[in-house]
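The structure appears below as C-alpha cells.
There are 2 protein chains.
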Amino acid sequence: MSLTSASPKAAAEEAKSASHILATLPTAARNDALTAIHAALSEARDDILAANARDLEAAQRAAENGQLSQSLVSRLDLGRKGKWEDMLKGILDVRELEDPVGKITLRTKLDDGLELTRVTCPIGVLLIIFEARPEVIANIASLAIKSGNAAILKGGKESTESFVAISKVISAALEKSQVPNNAIQLVTTRDVIPQLLDLDQYIDLVIPRGSNELVRYIKTNTKIPVLGHADGLCSIFLEQSADPKMAAEVIVDSKTSYPAACNSLETLLVQQSALESHLPSVADALIAKGVVLRCDKVTKEILASKLSPELSSKLESAMDADFDTEFLSLILAVKAVANIDEAIAHINIHGSKHTDAILTSSSDLAEKFMSSVDAAGVYWNASTRFADGMRCGFGTEVGISTNKIHSRGPVGLEGLMIYKYKIRGQGHVTAVYGEGEGKKSFNHERLPL
Amino acid sequence: MSLTSASPKAAAEEAKSASHILATLPTAARNDALTAIHAALSEARDDILAANARDLEAAQRAAENGQLSQSLVSRLDLGRKGKWEDMLKGILDVRELEDPVGKITLRTKLDDGLELTRVTCPIGVLLIIFEARPEVIANIASLAIKSGNAAILKGGKESTESFVAISKVISAALEKSQVPNNAIQLVTTRDVIPQLLDLDQYIDLVIPRGSNELVRYIKTNTKIPVLGHADGLCSIFLEQSADPKMAAEVIVDSKTSYPAACNSLETLLVQQSALESHLPSVADALIAKGVVLRCDKVTKEILASKLSPELSSKLESAMDADFDTEFLSLILAVKAVANIDEAIAHINIHGSKHTDAILTSSSDLAEKFMSSVDAAGVYWNASTRFADGMRCGFGTEVGISTNKIHSRGPVGLEGLMIYKYKIRGQGHVTAVYGEGEGKKSFNHERLPL
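Residue numbers (UniProt numbering), protein chains in the order written: chain D, 1 to 449; chain V, 1 to 449.
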C-alpha cells in the first residue's frame, strides 16, 4: 500500500499496472499478504490508536463548534470497545474465505482439440470512496487483496491521521509480500474525487460507502460503473391472512432494530380488509417502540377509532412525499391498499429496488409478490433487515447493490469478480466451419467443471 | 410491439410497466409469443419485402449522391439470398433455447424455517440502438421476449419503412399473446437518442449495435449501463516455439476471414528470436491474401532481407498510432518484442480487452499469457475470430462486451439476466441473532439446487 502524494492519474496508472501482477498471484501469496497485514497491525496497535486519538480530538472540537455531528465523531473512534479487535479479526475472516479467483464456471468442447473455458478473474482496479470510519481501510484492503483487485482508497478527511498511520503499516507489511505495494493506494489529497471519477481508462468499478448524498453525487459524476445503492426505501405489504402477532413482530424488527440502516422499513402497506383486524396491534407495538406513524387518511381514521386517545394523539398525517422518503429514523409511512396488485404497483413505482417483504399465510400470494416486485430482495414473512451479507452467509459484504446489472443485493467477494474466456486450440481456424459443402460443424459439448 | 409516436419518456414509462408483467409470464407464454411472431412474419413476407424495397431504393439514390456507403445499402437488403429465411429461423432458434428466467443459483438455510434462494430474473427494460440492418428488429424482439425483458428499439432511419412494416406485424401477433404490446416498442421519431439516454429511471441497460462511433457516443452520453464494445483491437503474440505453418494459418484466418469484424486481428507481435524463422512465411501468406503489413523498423528490415523484392516493396512502415488502431480492413501492424512479458505489457496497454491470442508450443507460456492478459478472450493456438456467440455455443449473441462488469466476451441470453434474492420465513426477525448471551446464531447451510 502506498500513501500516494502522486497525482490521481499517476496513482490510478500505477494501480492498473499493479493489478495486472496481483491478478496472477496464487492463492497462497494473497493469503500470506493478509497474514502479514494482520501481524503488522497487531504490533502497531498503540501508534495507530494514538493517531486515531488525534483525529478524535480534532473531531470533538469540530463537533463542539457544530461543524460535525456527534454520530460521526463516534464512528471515528477506533478505541471503542471491540472495534480494533473486530477490525483485525475481519482480516483473518477474509483470508479464510474460499478463493474467488480462477474458478471454472463453464467448459465446452468446441471441436476436437478445441476447448472453451470460462474462468473467474478480478475486475481490475476498484475505487473505494468512504467517509469517516477508519477501520474500513483494513477491511477493504483485505477484500481487494483476497479478490486479486487493486484498490484506490479515498477516505473522509476527518480520519486522515488514522488512515495515514494504518496505511504506513499495511505498506510496510506488503513490502515483505508478493503483492505489489502499488496495488493498494491511499489518496489523501483534498478535492481529488472529481479527478478520480474521470479516470475510466484505469478504474473499473467505483464502490461508494457512505451517505445517500455521497452515492448520488458519485453516480451522477462518473462514467465508471458504480456498485451500491443511494436509497433503501424498503416496504412491507401486510396481507389479510397474515398472523397478526407475527406481523407485529416482523414489522417492529424491520423498523426499529436499527432505523438508520438501509434495510430498515420505511413504508407499511396494509390491505384494506386487514385494517381493523391487524393494524391496531401493529401500531400499538410500533408506538411502544417510539415509532411515529405517518398515516394516510384511511389508516389514520381506523387507528384513531381503535387506539387509546393518548396513542391516537401521536398519529401524524402522511403527505404524498412521505411515500417516497427514506426516513432513516423512527418514522413510518402507513397506507391502505385494496389488494396485492395495488401493493405491488405501489412498491414498483415508489420503492428503491432494495428489499421488500410480504406478510401473508398464503404461499400463492407470497410467490406472486416475490416474482412481481422488482427488488434485489423479496421476502416472505421475514424482516427486511435480513438484507445483509453476514446474515445471508456471504462471509463479508462490500455493500448492498440496487443495480440491475452485475451484482444485486448484499455483495460479497463474488461481486468483485468478472470472468474471462480461455480457448485452448491446436491451430484451429474459423474459416473451415459453416453451413456449406465441405464445411465442418461445431461440437459444442458441455464438459464437466 | 407498439410503433410509438409517444414521447420517449412515455414510451419508456410504458415499457417499464410492461416489463413488470412480462417478467412474471411463464416460459410457455413467452415461447408462444415467439411462435406467433414467426407465423405472422412468414405470412406478411411480401408486404415487408415491398417496404424494404422502398428503403433500398431511397438508400440506393442516396448512395449514388455519395450520402451513403454502398456497404450500408447492401446491409439494408432483406431480400438478399437467405436473409429473410435466416431472420425467421433465428426466432425459432431463440424459442428453443433453455429458459433463462427463474433458475435457482444459490440456496442457503439461514435457520430453521428460514431459507434464502437466489433466482435469475430479467433485467427490466433494454434500450437497443442499432443502425441499418432491418432483420435485427426481429432478432432483438425475440431475445427480449425470451429473456422476459421489455425493449425499446431505435433503428437507423435508412430502414424506417422496413421497421414500420415489421413492427406492425409483430404488434398484431403480440395482441393475440400474453406478452403486453408495450413490452416491445419501436421509436422512429428523429433525434430521440439523447432523450432516451437520459431516462435512467426507466431504462436499465443500453445495448448499442453499430459503429465504434455510435458506441462511443452512447457511452459518453448516458448514466445507464452500456453493454458492448467500442473497439476490437485484437493482437496475436507469435512465440518462438510455435509451429510456423500453424502460426501462418491462424494469423491468416484471424486477419482475413472477415477483416471488418471486431474479432479480427489488428496487431501482430513477434518474438525477436522468431523473426527469421517464423515471420517471413507468415508475411508471405498474409501478402498473398492482400494484407498490407505496417512493420516497425526491426520487422521491416528482416522481411526486406527475406522476401522477394516484389513482396518487399509492398511493406509499409508503422507509426506509433498504428499500434492503437483498429483498421477493420486488410492492414496489419507488425512489431517485434523481446519476450512474452513485453508482449503482455504491450497488449495490456494498447489492446481493447476484446480478444488476444498466443501462438506457442509451450503450455507454460500459454497459461502465463492467458492469466496475465486482461481481455474478455485469451486464446492459445486458435484464431481470434472464435470470439463469437454462435461459435462458442451460446446459441445466439446480443453482442460482444469488453466491459469489466456483468457480462464479458460474447454475450448470450445470460447477459440479459440478473437475479433477485428471495427469503422465505415464518415470521423471523433479525434482533434475536448475534454474539451476546441468549442470542441465536445462523445456520448458513448450503442446500442443493
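We put the CB at the ideal spot given by N, CA and C, even for glycine. Here the structure is a predicted model, which means the values were calculated and not measured.
- When the Cα of K157 (chain D) is compared with those of D:E131, D:K245 and D:K255, which residue comes out closest? D:E131
- Item | Other residues of its chain near A44 (chain D): CB distance less than 6 Å, five sequence neighbours each side excluded | V169
- Taking any Cβ of chain D, which residues in the region 113 to 128 of chain V have a Cβ under 7 Å from it, in chain order? L114, L116, I123 and G124
- Query: Quick one: is P225 (chain D) near chain V, going by C-beta distance under 7 Å?
  - Reply: yes
- Quick one: what does DSSP say T105 (chain D) is sitting in, helix, strand or coil? strand
- Query: Should V215 (chain V) be labelled buried (16 or more other beta-carbon atoms within 10 Å of its own) or exposed?
  - Reply: V215 (chain V) should be labelled buried.
- Closest residue to L233 (chain D) among D:G351, D:A53 and D:G210 (Cα-Cα distance): D:G351
- Message: Using CA atoms only, rank isn't needed, just tell me which of V:I344, V:N182, V:Y421 and V:I129 is closest to I218 (chain V).
- Response: V:I129
- Message: Using the Cβ count rule (16 or more neighbours within 10 Å means buried), how would you classify A40 (chain V)?
- Response: buried
- Task: On a CA-only basis, which of V:E213, V:L269 and V:L126 is nearest Q185 (chain V)? Give me that one, please.
- Result: V:L126
- Task: Could you name the residues of chain V that N348 (chain D) contacts, counting a contact when the two beta carbons are closer than 9 Å?
- Result: K16, S17 and H20
- Determine, using beta-carbon pairs with one atom in the region 172 to 182 of chain V and one in the region 191 to 206 of chain V, whether at least three such pairs fall under 8 Å. The region 172 to 182 of chain V makes no contact with the region 191 to 206 of chain V: fewer than 3 CB pairs, one atom from each, lie closer than 8 Å.
- C-alpha gap between T299 (chain V) and A338 (chain V), whole angstroms: Their backbone Cα atoms lie some 12 Å apart in a straight line.
- Measure from the alpha carbon of A242 (chain V) to the alpha carbon of each residue in D:D364, D:A248, D:S308 and D:G427, then state which is nearest. D:G427
- Query: Taking Cβ-Cβ distances below 7 Å as the criterion, which residues of the region 197 to 211 of chain V are in contact with chain C?
  - Reply: Among the protein chains in the structure shown, which are D and V, there is no chain C.
- Within the same chain, show all residues whose beta-carbon is closer than 6 Å to that of T384 (chain V), passing over the 5 residues directly before and after it, in chain order. C234, S254, N263, L265, T355 and A357
- Query: Taking the continuous alpha helix (DSSP H) assigned at Y258 (chain D), which residues delimit it?
  - Reply: Premise fails: Y258 (chain D) is in no alpha helix (DSSP H) and is neither H nor E.
- Query: So what does DSSP say about Q272 (chain V), is it helix, strand or coil?
  - Reply: Note: Q272 (chain V) maps to helix in three-state DSSP.
- Message: Rounded to whole angstroms, what is the Cα-Cα separation between D55 (chain D) and E64 (chain D)?
- Response: 14 Å
- Sort out for me which residues DSSP pairs I129 (chain V) with in a bridge. The partner list for I129 (chain V) (beta bridge, DSSP) reads V:K154 and V:P208.
- Query: Between V:K353, V:I349, V:I104 and V:A230, which lies nearest to D320 (chain V) when the distance is taken from Cα to Cα?
  - Reply: V:I349
- Message: Which same chain residues end up closer than 6 Å to V411 (chain V) when comparing Cβ atoms and leaving out the 5 residues on each side of it in sequence?
- Response: Excluding sequence neighbours, V411 (chain V) sits near V398, G399 and S401.
- Message: Taking 7 Å as the limit between beta carbons, can you name the residues of its chain near Y433 (chain D), skipping five residues before and five after?
- Response: K439, K440, S441 and F442
- Query: Pick from D:D284, D:L330, D:S329 and D:K297: whose alpha carbon is nearest that of S308 (chain D)?
  - Reply: Residue nearest to S308 (chain D) within the set D:D284, D:L330, D:S329 and D:K297 is D:D284 (criterion: CA-CA distance).
- Could you please give me the residues that DSSP links to I418 (chain V) through a beta bridge? V:C121
- A6 (chain D) versus D:T189, D:H346 and D:A375, residue with shortest Cα-Cα distance: D:T189
- Identify the contact partners of Y419 (chain V) in chain D, using a Cβ-Cβ distance below 7 Å as the criterion. R408
- Of all the CB atoms in chain D, is at least one closer than 7 Å to the CB of G148 (chain V)? no
- Item | CA nearest to the CA of E301 (chain V), picked from V:R118, V:V291 and V:S313 | V:S313
- Message: For G351 (chain D), report the span of its alpha helix (DSSP H) as first-last.
- Response: Neither: G351 (chain D) is in no alpha helix (DSSP H) and is coded neither H nor E.
- Locate the beta strand (DSSP E) running through L186 (chain D), then write down its first and last residues. I184 to V187
- Message: Excluding the 5 residues flanking K335 (chain V) on each side, which residues of the same chain have their C-beta closer than 6 Å to its C-beta?
- Response: L269 and D296
- Query: CA-CA distance, V192 (chain D) and V73 (chain V)?
  - Reply: 49 Å
- Item | I91 (chain D) and I137 (chain D) closer than 7 Å at C-beta | no
- Message: By the three-class DSSP mapping on this structure, what secondary structure does S371 (chain D) have?
- Response: Here S371 (chain D) sits in helix by DSSP.
- Query: Between A51 (chain V) and E161 (chain V), which are expected to be in contact by the criterion C-beta below 8 Å, what is the C-beta distance as a whole number of angstroms?
  - Reply: 4 Å
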